[in-house]
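Note that the UniProt record's numbering has the sequence shown beginning at 1, numbered continuously upward.
Every residue gets a Cβ at the ideal spot worked out from N, C-alpha and C, and that includes glycine.
Computed from a prediction, not measured in an experiment: that's the story for all the values here.
Input: a single structure, listed below in structure tokens.
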Amino acid sequence: MEKLKIVLVSSEVAPFAKTGGLADVAGSLPLALKGLGCDIKVFLPYYRQAKKQDFGIKLFKKNIITKVGSEDINFSLYHCEKENVDFYFIEKDDYYDRDFLYGTSTSDYPDNAMRFAFFASAVLSSIVAMNFKPDVIHCNDWQTALIPFDLRNRLQNVKVFKNTHTLFTIHNLAYQGLFARDVAYQLGIGDEFFTPDTLEFYGKLSFMKSGILYSDAVSTVSRGYSHEILTPEFGCGLDGLLNIRRNDLYGIVNGVNYSDWDPKIDKNIKANYDETNLGDKAKCKKDLLSLAKLKSSLEAPLLGVITRLAEQKGIDIIADSIEEIIGFGCNLVILGMGDEKYHNLLTELSKKYPKNIAVKIGFDNVLAHKIEAGCDMFLMPSRFEPCGLNQMYSLKYGTIPIVRAVGGLDDTITDYTQNKREGNGFKFNQANKDDFMNAFKRALSTYKNKKEWEKLVLKVMGLDFSWEQSAKEYTRVYKTIMKVEKVESCCIS
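What follows is the structure, given as structure tokens:
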């Protein structure tokens, strides 16, 4: 068959604009799809974050008109090419020329519904203006979830979309894009679409429901999470709807872009290393300790955390355990931003234990690489984790993950204590301090046996979580919804 023509739409795409793992996925998957022969185009908003850097982004087309509700909105389309993939940027400064992508540390932007309803509509209008005829539009999270709705209910007679299908990927079901009833009126969504069987969710308009209901198939970012979201514990109130769609639900674990995350070639770290010169990892540890102003010996275990500071990530579990961790002679470096209460909590802990804890509030890509390279262990005590990327980055850098056995963490990490042959980290089951500390103590015991620890580190560095396999699975799902191939959902009972 001819090349698959794919449009991938995301509210953030690395390296142009990023708040979390969604950006890494949306920046890396298209490159892997291109490598498999797909004709791939990527769309994202043209944020201030992207404008401030030199990516070679140029004006592609101006004065495109799209409709949101009763309003005709004029916008411009910008473009750049990266590794033979076309990236398109929707420019509307009223919506995207802001300090942050979605809101401040204390609140979301009040017009997010309009910002991303416009984005969805503008992407579709751009495709029409380009006269591109996609086989599949691959939407990601609630910010893009009105695209399947518009294609099904508003643009079904537009020629370029005659043979277009949609895949909606859930990266985090907890963020659903819920808005007041009057927002639906503003967006031109009538009463017939504001019912429990359509877009209404406990009296609010749900963008997430739009993606789940109106796409041809739904995927999420690990096999484990695809099963978890069918249950009340992880389904965030949408488990019933997801069970209705379970025959069209797929779980595909994210991959790692090793051109960005490989200690052998990483330009952000003090010394490059691989399995043949593991001793140089110690140079990275020394550099990180100096940067973090932690006066510690190289022998003392150094633990890393890079995360969004939110309840989901188990920050409270780490905070509750810190005194005990320090009591074992360990030190921590924490990088992240998110909820203000966790900003304050971690900042206070770093002031209380300045010799043992370094905290940086914010996102710092260079420091993130230095943490992966310089630490001995990496902590991810998440309450839920759709996929997670840092545990896979950590493996490549020989930094052993300690994770809760949920979602993608459970899919990618095998507990070393229970299976020394296959084990690549340490896992715990319950989201509490006791279970977490049990896993930590097992890791610490192994660390003290230098020969055993080095053998474990060398083994995990050789594991391969590259994007190629994940991209192949996505192409099979694309072909399934195009009805040219059949892939069984992993959730068919």
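N- and C-terminal bounds of the alpha helix (DSSP H) containing Asp-434: 433-448
Taking the CB atoms as reference points, tell me whether Leu-309 and Tyr-353 lie closer together than 8 Å. no
Pair within 8 Å by beta-carbon distance, Glu-91 and Phe-116: no
To the nearest angstrom, how far is it from the Cα of Asp-248 to the Cα of Ser-489? 6 Å
For Ser-470 and Ile-229, believed in contact at Cβ under 8 Å, the rounded distance: Contact doesn't hold; Cβ gap of about 19 Å is too wide.
So, Ala-358 versus Leu-294, is the Cβ gap smaller than 8 Å? yes
How should Thr-220 be labelled, buried or exposed, when 16 other C-beta atoms within 10 angstroms of its C-beta is the threshold for buried? buried
Which class does Ser-493 belong to by DSSP, given the choice of helix, strand or coil? Residue confidence is low: Ser-493 scores 45 on pLDDT, short of 50, so the model does not pin down where it sits. Its coordinate-derived value is still stated next. Reduced to three states, the DSSP call for Ser-493 is coil.
8 Å Cβ cutoff met for Gly-304 and Phe-378: yes
Are three or more beta carbon pairs between the stretch 63-73 and the stretch 30-37 nearer than 8 Å? no
Just the C-alpha distance for Glu-422 and Thr-412, rounded to the nearest angstrom, thanks. 11 Å
Could you compute how far the alpha carbon of Phe-384 sits from the alpha carbon of Ile-170? 14 Å
On the premise that Cys-284 lies in contact with Ile-265, defined as a C-beta separation below 8 Å, what is that separation, rounded to the nearest angstrom? Not really, about 14 Å apart at Cβ, beyond 8 Å.
Based on Cα-Cα distance, which residue from Tyr-95, Leu-205, Leu-298 lies nearest to Val-183? Leu-205
Nearest to Asp-320 by CA position, among Asn-331, Leu-345, Lys-58, is which residue? Leu-345
To the nearest angstrom, report how far apart Ala-439 and Asn-424 are at their CA atoms. 13 Å
For Cys-80, which residues does DSSP report across the bridge? Beta-bridge pairing links Cys-80 to Phe-87.
Can you tell which of Met-337, Cys-236, Met-392 has its C-alpha closest to the C-alpha of Thr-104? Met-337
Would you tell me roughly how many angstroms separate the C-alpha atoms of Val-484 and Thr-164, rounded to the nearest one? 13 Å
Fully enclosed by the stretch 30-57, which beta strand (DSSP E) runs are 3 residues long or longer? 39-45
Sequence-distant residues of its chain with Cβ nearer than 6 Å to Gly-237 (five each side left out): none
When you compare the CB positions of Leu-101 and Glu-2, do they come within less than 8 Å of one another, or not? no
Can you tell me which residues form a DSSP beta bridge with Gly-251? Thr-220
Here's a check: name, in chain order, each residue in its chain whose Cβ is nearer than 7 Å to the Cβ of Glu-324, leaving out the five neighbours to either side. For Glu-324, where only same-chain residues beyond five positions count, the Cβ hits under 7 Å are Met-437.
Given a cut-off of 8 Å, decide if Leu-4 and Asp-135 are closer than it, judged by their beta-carbon atoms. yes
Please report the distance separating the alpha-carbon of Gly-279 from that of Asp-108. 45 Å
Residue range of the beta strand (DSSP E) that Cys-139 falls in? 136-140
Just verifying my parser: in three-state terms, what is the DSSP assignment at His-369? helix
Whole-angstrom distance between Val-406 and Lys-194, CA atom to CA atom: For clarity, residue 194 is Phe in the given sequence; the question names Lys instead. One C-alpha to the other measures close to 34 Å.
Enclosing alpha helix (DSSP H) for Pro-148 [first to last residue]: Looking at the DSSP string, the run of the alpha helix (DSSP H) that includes Pro-148 is 146-153.
Could you tell me the alpha carbon to alpha carbon distance between Ile-361 and Lys-355, rounded to whole angstroms? 18 Å
Bridge partners of Val-359, per DSSP? Per DSSP, the beta bridge partners of Val-359 are Ile-334.
What are the boundary residues of the alpha helix (DSSP H) that Lys-204 is part of? Where Lys-204 is concerned, there is no enclosing alpha helix (DSSP H), although the beta strand (DSSP E) it sits in stretches over 204-206.
First through last residue of the beta strand (DSSP E) which encompasses Glu-304: It is worth fixing the name first, because residue 304 is Gly in this sequence and not Glu. Secondary structure note for Gly-304: its beta strand (DSSP E) is the uninterrupted segment 302-309.
Is the distance from the Cβ of Lys-52 to the Cβ of Ala-129 below 8 Å? no
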